[in-house]
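Since the structure comes first, as structure tokens, the remarks are kept for the end.
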Amino acid sequence: MTELPTIDWPTAVVFAPLAGAILAFAWPRRAAALGLASVLVTAGAVAALALQVLAEGAVLTRLGNWGAPLGIDLRADGLSTVLLAMTVGVGAFVSLGALDSYAPARADDRTRRYFWPLWLLLLTGLNGAFLSTDVFNLYVMLEVIALAAVGLTVLGGGRAAVRAGLDYMYASILGALLFLMGVGFVYLELGRLDFAGLIAAEPAPALTAALALMIAGLLLKTALFPLHFWLPGAHANATAPASALLSGLVVKVSLYVFLRLTQYMPLPDELLVTLIGALGAGAILWGGIQALRAERLKLLVAWSTVVQIGLIFVAFARAGQVGLAESWKAVALLILAHAVAKAGMFLAAGRIKDEVGHDRIADLDRSPIRPTLAQFTFALAAISLIGLPPSLGFAGKWVLMEGAMAAGYWHWVGVTMIGTLFSVAYFSRVLASFLRFDRMRSPVAEHQGWALADAAPLILALSALGLGLAAAPILAFMEIGYPFGATP
Amino acid sequence: MTSGLIFGLTGIAVFAIGLFGALVMVEPLRRVLALKLCSVGAGFLLVVGAWREPPEAPDPVPHALVITGIVVMISATAVALALIRRLHMLERDTDD
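Taken in order, these protein sequences are the chains called W and P. Just so you know, we're using numbering that gives the first Met the number 0 here: the first sequence kicks off at 0 and counts up by one. Just so you know, we're using numbering that gives the first Met the number 0 here: the second sequence kicks off at 0 and counts up by one.
The structure is reproduced here in structure tokens:
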């Protein structure tokens, strides 16, 4: 009896979406079916990988049996696997939402044809980045993600979208090149590029410079205040499913790389951790003010992403340099919470815009058309983003504040509270207009917009709410394979 | 001052000029060119790092990295140019 070859799941996770992207590009007529099938296959591969990680601990694949430091290794530990699951889970529901948003009646042929290859290429890059174990591979994945993300931004084809996409392109490429320069410094100093080499390295000025360059590039790509200038335009002008992917997933990958690097290459000074936290606080304040001023629903949601990114960096800095060994858990929970809730919220905002016909916040209460289910979804997602129990956002903020209080860093607790108040304020602007009926000129329309298309965003928003109850098992899973303890 | 150091500093200087340009330039094409300069600077530094004293062969790994970087940058430039052209056409059509 011959033994069946066991499938190597990390490889499958990267190559299934890549194959799907090529097929969807080659057969544009079948793009939607091929794309959806490929996302589901990837989801299956991630589920199998998660089971393997649960049973055996971290999974390591040496591509072509070369092995580090020269070859490319893929490694899935608990943290990587949770983020892979987040990516493919959110991605699957956004794909379902895209079936409606890009239906023949709503979108032109070109949009429908190019969405699937671009999104699957993006998924390839995201999965590849979460499994990478060396900094050069990360650079290549960041570029793949950047090109696919720019493509998704300009998919609508309007002038505002192309201009925002171009700004995004410049910021993204510059961020990647800063990262590449850092990679060059690492190679010149160490002669290797893998994480194990970074961990074993003695502190050196060249490595500090490398870390500074790479962090600068990543902060630009993840849009931390004051490097956020490209984000609101790009995320607000893209079509709704693309915005959901950009806001929910794409900014998270640079955050993840930042998290890995700062654990493997110690930050030289406490001051730097405080500075990063202070930039996060700046993002919360500035983003909050801009969200209060935003005139369009999607722009408000985009500014709320700036606020949430700021909050995640506050979580990073919550207990200073000594606390970094634990703070990554708060960061990871908030990344997860924001990805699920924000994808649901952007899809819901897109649904409201589709049904009402515009997304001017001031005029939403004049509309006789009330897409009730989409509005309900928006409110549920807002609950998680504000951080009310039992949502995942609440769990993340809880871990953040617990750590800050234990370390006696009360200023971070204060900043988090202010951010929460801001979120309540700017989401209330929208929720109030959903609930006001006295400014309508005609009676409420018969059609209330209960469509099948509301299912995808609703499930995402409900997950953001419900996953908070599973925060403890998720945290336990993330620690499998000691993401930041042992040599990878 | 060794020649390696001079070349290395040149690479960093080219990168810095590109960085400055990318941040300051307004004209879309100039910004693309500035980003190209950045990538040339970074590649230059890696190639310099690969050099060894003549009897010894140069380190091939940075060369492989630079080739990958060039391929990535070509694709990025192509996308940026296509977007600039598209934006130009859209603006020409709507402005009178």
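Each residue gets a CB set at the ideal place from its N, CA and C atoms; glycine is no exception. All of these numbers come straight from a predicted model, not from anything done at the bench.
- Task: May I have the straight-line CA-CA distance separating residue 58 (chain W) from residue 263 (chain W), to the nearest angstrom?
- Result: 19 Å
- Query: Taking DSSP as the reference, what is the three-state secondary structure of residue 95 (chain P)?
  - Reply: Reliability of the predicted coordinates at residue 95 (chain P) is poor, the pLDDT of 48 falling under 50, and the value obtained from them is presented with this limitation in mind. Coil, per DSSP.
- Task: Going by CA-CA distance only, name the one from W:146, W:415 and W:140 that's closest to residue 284 (chain W).
- Result: W:415
- Cα-Cα separation, residue 243 (chain W) to residue 21 (chain P): Pairing residue 243 (chain W) with residue 21 (chain P), the inter-Cα distance amounts to about 28 Å.
- Task: Using a Cβ-Cβ cut-off of 8 Å, state whether residue 90 (chain P) counts as contacting chain W.
- Result: Yes, contact with chain W.
- Message: My assumption, with CB atoms under 8 Å, is that residue 125 (chain W) sits in contact with residue 248 (chain W). Please give the rounded CB distance.
- Response: 6 Å
- Just list the beta strand (DSSP E) runs in the region 398-429 of chain W, keeping only unbroken ones of 3 residues or longer that don't cross its boundaries, in chain order. Whole beta strand (DSSP E) segments, 3+ residues: zero.
- residue 334 (chain W), buried or exposed, once every other Cβ within 10 Å from all chains shown has been counted against 16: buried
- Item | Endpoints, the alpha helix (DSSP H) within which residue 212 (chain W) is located | 204-221
- Task: Pick helix, strand or coil for residue 441 (chain W), following the three-state DSSP scheme.
- Result: coil
- Using alpha carbons as the reference points, say which of W:194, W:380 and W:187 lies closest to residue 203 (chain W). W:187
- Query: Taking Cβ positions only, does residue 97 (chain P) come closer than 8 Å to chain W?
  - Reply: Past the boundaries of the shown model lies residue 97 (chain P); chain P is included only from 0 to 95, so the question cannot be answered.
- Query: Which value, in whole angstroms, describes the spacing of the CA atoms of residue 278 (chain W) and residue 300 (chain W)?
  - Reply: 20 Å
- Skipping 5 residues on each side, what residues in its chain have a beta carbon closer than 7 Å to that of residue 343 (chain W)? 376, 380, 456, 459, 460 and 463
- Task: Given a cut-off of 8 Å, decide if residue 14 (chain W) and residue 116 (chain W) are closer than it, judged by their beta-carbon atoms.
- Result: no
- Message: Does chain P have any CB closer than 8 Å to the CB of residue 228 (chain W)?
- Response: no
- Message: I'd like the list of long-range same chain contacts for residue 440 (chain W), defined as Cβ closer than 8 Å, with 5 residues on each side in sequence excluded.
- Response: Taken in chain order, the residues that qualify are 365 and 367.
- Message: Contact between the region 135-144 of chain W and the region 248-261 of chain W is defined here as three or more beta-carbon pairs at a separation below 8 Å; is this criterion met?
- Response: yes
- How would you label residue 393 (chain W), buried or exposed, when you count the other beta carbons within 10 angstroms and need 16 or more for buried? buried
- Residues in its own chain within less than 6 Å of residue 480 (chain W) by CB, not counting five upstream and five downstream? 56, 57, 76 and 77
- Query: Can you tell me whether residue 136 (chain W) is buried or exposed, with buried defined as 16 or more other CB within 10 angstroms of its CB?
  - Reply: buried
- Message: Check for me: the beta strand (DSSP E) holding residue 58 (chain W) runs from which residue to which?
- Response: 58-61
- Would DSSP call residue 549 (chain W) helix, strand or coil? Any question about residue 549 (chain W) goes unanswered here, given that chain W covers just 0 to 487.
- Query: In the DSSP assignment, what residue or residues form a beta bridge with residue 72 (chain W)?
  - Reply: BP columns for residue 72 (chain W) point to W:61.
- Query: Exposed or buried, which one is residue 0 (chain W) when buried takes at least 16 other CB atoms within 10 Å?
  - Reply: Caution applies to residue 0 (chain W), whose pLDDT of 44 falls short of 50 and renders its modelled position unreliable; the value that the coordinates give is listed next. Exposed.
- Query: So is residue 72 (chain P) buried or exposed if we call it buried at 16+ other beta carbons inside 10 Å?
  - Reply: When all chains shown are included, residue 72 (chain P) counts as buried.
- Item | Boundaries (first-last residue) of the alpha helix (DSSP H) holding residue 169 (chain W) | 158-189
- Whether residue 48 (chain W) touches residue 80 (chain W) by CB criterion (8 Å): yes
- Query: To which residues does DSSP link residue 193 (chain W) through a beta bridge?
  - Reply: W:133
- Proximity test, Cβ basis, 8 Å: residue 99 (chain P) and chain W: Nothing about residue 99 (chain P) can be reported from this structure: the residues present for chain P run from 0 to 95 only.
- Task: Give the interface partners of residue 30 (chain P) over in chain W, defined as CB-CB distance under 7 Å, in chain order.
- Result: 169
- Item | Test: residue 213 (chain W) CB closer than 8 Å to a CB of chain P | no
- Task: Would you kindly work out how many angstroms separate the C-alpha atoms of residue 487 (chain W) and residue 310 (chain W), rounded to a whole number?
- Result: A caution first: residue 487 (chain W) carries a pLDDT of 41, below 50, which makes its placement in the model unreliable, though a value can still be read off. So the two alpha carbons sit approximately 28 Å from each other.
- Query: If we count the other Cβ atoms within 10 Å of its Cβ and call it buried at 16 or more, is residue 17 (chain P) buried or exposed?
  - Reply: buried
- Item | Stretch pair the region 472-479 of chain W + the region 324-341 of chain W: three plus CB contacts closer than 8 Å | yes
- Considering only the beta carbon of each residue, do residue 86 (chain W) and residue 154 (chain W) sit closer than 8 Å? no
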